[in-house]
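What follows is a set of notes on a single structure, which appears directly below.
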Amino acid sequence: PHSLMYYPQSSSQQSQAFKTSRKAFLLSPFQESMSYLINTHHGLTEEERAHLLPLLRSAQWVEVVGRDAIYKEFIFKDFNQAFGFMSRVALQAEKMDHHPEWFNVYNKVEQTYKL
């Protein structure tokens with residue numbers, strides 16, 4: 002099976018590109034994988050990558066073409082839910098010193114993490 006890949010697009014093309022579930026960051030079945038990834042300041046070894054990427058893919062994260070990174074788009078009910086999500090992620094990211102690249106418009110949050 003081929004892996005899902007994210008191709009960077011213009012903002013107008015991104016709006017419907019990768020809609021995903023409303024599961025909150027670090028509150029889904031891949032919690033252990035994401036926690037490990039965020040706590041890892043070195044690049045992933047091949048063994049770590051082989052273990053973690055299938056788990057992240059199963060949670061709808063996709064690899065970014067041309068970068069050693071993963072991407073996911075989250076859609077929420079409204080801006081308040083999106084902003085609340087970003088606030089929770091920001092607090093966790095600060096504690097772990099591994100910050101996402103992200104973009105927000107109204108109810109949509111796009112996140113990219115370096116692997």
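Going from the sequence shown to the numbering used here is simple: count from 1 and add 1.
Heads up, the beta-carbon is just placed ideally off N, CA and C, and yes, glycines get one too.
Computed from a predicted model, the values in this text were never measured in an experiment.
Unbroken beta strand (DSSP E) run spanning residue i, endpoints
i	result
Gln112	109–115
Lys96	Per DSSP, Lys96 belongs to no beta strand (DSSP E); it is in the alpha helix (DSSP H), 80–97.
Phe77	Where Phe77 is concerned, there is no enclosing beta strand (DSSP E), given that its DSSP letter is neither H nor E.
Opening and closing residue of the alpha helix (DSSP H) in which residue i lies
i	result
Ala60	From DSSP, Ala60 is part of no alpha helix (DSSP H); its letter is neither H nor E.
As assigned by DSSP and simplified to three states, the class of residue i
i	result
Glu102	strand
9 Å Cβ cutoff met for residue i and residue j
i	j	result
Leu57	Ile71	yes
Asn108	Ala83	yes
Glu102	Gln112	yes
Asp69	Lys115	yes
Glu64	Leu53	no
Residue i, buried or exposed, once every other Cβ within 10 Å from all chains shown has been counted against 16
i	result
Val106	exposed
Asp98	exposed
Glu74	buried
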